[in-house]
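Going from the sequence shown to our numbering is simple: count from 1 and add 72. Below: one structure, written as structure tokens.
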Amino acid sequence: MSPLEARYRRLLAVYPRDHRARHEEEMIGVLLAGAPPGRTRPHPADAADLLWGALLVHGRRAFGPVSAPAWRAGLALAVALWPFLMLTSAMATQLLSVADSVRYVGLAFVQPISILLRAEPIVVAALPVLAVLLGRRWIAALGVVLFVLYQAGGPRFLDLDTLLSPNGGSLLLAQIAAVAIAFAPAAHRAIRVIPRRALLLWGPLAVAGLTASKAIVRWVDVIAHPGIVTWKPVPWLVVAGLAAGYACRSAVGRRAALLLFPPAAALGDLGDLPSVPTATALAQLGCAALAFTAAVTVTRRRRGQRRAPAS
Numbered sequence: 073m074s075p076l077e078a079r080y081r082r083l084l085a086v087y088p089r090d091h092r093a094r095h096e097e098e099m100i101g102v103l104l105a106g107a108p109p110g111r112t113r114p115h116p117a118d119a120a121d122l123l124w125g126a127l128l129v130h131g132r133r134a135f136g137p138v139s140a141p142a143w144r145a146g147l148a149l150a151v152a153l154w155p156f157l158m159l160t161s162a163m164a165t166q167l168l169s170v171a172d173s174v175r176y177v178g179l180a181f182v183q184p185i186s187i188l189l190r191a192e193p194i195v196v197a198a199l200p201v202l203a204v205l206l207g208r209r210w211i212a213a214l215g216v217v218l219f220v221l222y223q224a225g226g227p228r229f230l231d232l233d234t235l236l237s238p239n240g241g242s243l244l245l246a247q248i249a250a251v252a253i254a255f256a257p258a259a260h261r262a263i264r265v266i267p268r269r270a271l272l273l274w275g276p277l278a279v280a281g282l283t284a285s286k287a288i289v290r291w292v293d294v295i296a297h298p299g300i301v302t303w304k305p306v307p308w309l310v311v312a313g314l315a316a317g318y319a320c321r322s323a324v325g326r327r328a329a330l331l332l333f334p335p336a337a338a339l340g341d342l343g344d345l346p347s348v349p350t351a352t353a354l355a356q357l358g359c360a361a362l363a364f365t366a367a368v369t370v371t372r373r374r375r376g377q378r379r380a381p382a383s
């Protein structure tokens with residue numbers, strides 16, 4: 073193999089595998105036939121054309137008509153995962169609330185009734201998750217009833233500002249998602265794409281990451297160290313980035329991760345970006361990007377090892 077052919081093949085590696093299997097030899101033949109004698113490197117125009125062509129092929133597959141079924145499945149999976157995010161958020165918030173009570177009054181003085189009150193939002197958020205996992209309509213209906221009762225206990229029941237707040241509107245969306253999934257078999261099948269083992273792995277990691285990200289502002293002197301508080305989202309973003317990279321093993325997972333990442337990032341208070349310096353915001357997103365890249369790299373290596381023949 074000549075140096076020119078080897079470099080062309082490295083450029084063609086950016087094309088999808090099945091596309092290369094069908095067209096690589098033909099493309100190599102055309103490129104080598106058009107190259108002048110003695111050339112050892114691809115012409116810049118040829119390299120640009122190859123890279124642009126690869127981008128178009130990937131774009132058609134990702135967003136063209138052929139990708140519509142994967143997008144529908146990805147949207148269904150994202151909707152199915154939303155109640156899990158709400159449960160994660162409720163658990164992280166209440167864990168910090170309990171930690172604050174223990175810190176200021178001591179474990180012996182924490183009243184059981186206060187623990188029960190803090191468990192209410194977790195129960196309200198857990199019922200949609202059970203409805204999604206089991207596909208039971210009665211659990212979804214019970215979740216809606218409990219959500220209404222939970223909101224009725226507040227001072228502004230069904231007030232627009234309350235429903236649009238993170239503790240109201242997001243939970244309402246989770247209830248709607250649970251009802252849709254429980255009453256639609258096709259939507260219920262979406263959650264089965266994720267192995268139960270993966271849920272058991274990423275669930276505790278998500279709770280730990282979101283709790284850590286929210287704890288920074290609780291246990292740091294905000295006035296004395298405002299710069300530290302701006303890094304609050306990072307632990308959660310790292311977990312979200314790792315989960316997104318893990319999800320990229322399939323076309324459906326890639327689309328679900330893309331749809332869920334913005335609202336998931338906002339749970340870790342990345343929604344405060346307008347008030348964060350640009351350099352800090354880019355660094356925060358860079359942490360998520362590094363975690364995503366690491367997860368994709370590890371996943372691809374493990375998949376390659378499984379495909380490799382035993383020696």
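By construction, the Cβ of each residue, glycine as well, lies at the ideal position given by its N, Cα and C atoms. Bear in mind the structure is a predicted one, so any value in this text is a computation, not a measurement.
For residue i, which of helix, strand or coil comes out of DSSP?
i, result
"S322", "coil"
"W143", "helix"
"V348", "coil"
"I266", "coil"
"P335", "helix"
"K304", "coil"
"T112", "coil"
"R384", "The requested residue 384 is not part of the displayed model; the chain covers only 73 to 383."
"G340", "coil"
"V368", "helix"
"Q356", "helix"
Between the options, which lies nearest to residue i when the distance is taken from Cα to Cα?
i, options, result
"A197", "T160, I263 and P276", "T160"
"V102", "V86, K286, P116 and Y80", "Y80"
"A150", "P137, F364, A319 and T369", "A319"
"A360", "A315, V370, L331 and R374", "A315"
"P267", "R82, L153 and S285", "L153"
"D90", "H115, W124 and V129", "V129"
"V220", "L206, P193, T350 and R208", "P193"
"T352", "L127, L332 and K304", "K304"
"W274", "G317, Q356, R190 and H115", "G317"
"A284", "T350, R208 and Q166", "Q166"
"Q356", "V306, T365 and F333", "V306"
"I248", "V279, R269, R209 and K286", "R209"
"F333", "G125, L104, L147 and A126", "L147"
"A134", "P88, V370, T371 and A224", "P88"
"A78", "G106, R92, P114 and P108", "P114"
Starting from residue i, trace the alpha helix (DSSP H) both ways and give me its first and last residue.
i, result
"L76", "P75 to L84"
"S93", "Note that residue 93 is Ala in the sequence shown here, rather than Ser. Per DSSP, A93 belongs to the alpha helix (DSSP H) from R89 to G106."
"H130", "P116 to F135"
So, at 7 Å on beta carbons, what are the nonlocal neighbours of residue i in its own chain, with the 5 sequence-adjacent residues on each side left out?
i, result
"M99", "L84"
"L199", "I211, L214, G215 and L218"
"T112", "P75 and L76"
"A336", "L157 and A312"
"L282", "T160, S161, A164, W308, L339 and G340"
"A142", "A323, V324 and R327"
"A145", "A262 and V324"
"V279", "T160, M163 and A164"
"A329", "A316, A319 and C320"
"L342", "P305, L309 and Q356"
Can you list, in chain order, the residues of its chain whose CB lies under 6 Å from that of residue i, leaving out five sequence neighbours each side?
i, result
"L277", "V311"
"R326", "C320"
"E71", "The question about residue 71 has no answer, for the chain in this structure spans 73 to 383."
"G358", "none"
"L202", "I211"
"F364", "G313, A316 and G317"
Quick one: what's got a C-beta closer than 8 Å to residue i's C-beta in the same chain, skipping five residues either side?
i, result
"S322", "V265"
"V195", "L218"
"L271", "F156"
"V138", "R132"
Using 8 Å as the limit for Cβ to Cβ distance, is residue i near chain C?
i, result
"W303", "Although the question refers to chain C, the structure presented lacks it and comprises just one protein chain."
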